[in-house]
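Step one of this worksheet: look at the structure below.
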């Protein structure tokens with residue numbers, strides 16, 4: 001008998017996808033970070049998004065990123081993508 005289990009069920013328990021949330025739209029994330037000078041620390045990303053009134057989903061995702069400096073929007077998008085893999 002072949003195994004037809006849903007591959008999504010094998011995601012790690014810590015993944016946000018397993019909690020029913022999804023990756024924020026990268027364009028919305030960058031709008032929330034408008035005017036931010038790069039490179040920027042994770043703390044700067046979170047503070048900028050909060051100051052600009054970003055949605056909780058965006059602030060929460062930025063807060064989950066690894067500590068470090070991000071050189072630009074592409075680096076943020078790559079790091080966000082790794083949260084779900």
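Residue numbers (this note's numbering): 1 to 85. Quick reminder that beta carbons are idealized off the backbone N, C-alpha and C, glycines included.
For residue 79, the enclosing alpha helix (DSSP H) begins and ends at 73 to 82. The Cβ atoms of residue 26 and residue 69 lie no closer than 7 angstroms to each other. Taking a contact to require three or more Cβ pairs closer than 8 angstroms, the region 75 to 83 and the region 46 to 53 do not qualify as touching. Excluding its 5 nearest sequence neighbours in each direction, residue 61 has C-beta neighbours in its own chain below 8 angstroms: 16, 23, 24, 29, 80 and 83, listed in chain order.
Here residue 71 is exposed, its C-beta having fewer than 16 other C-beta atoms within 10 Å.
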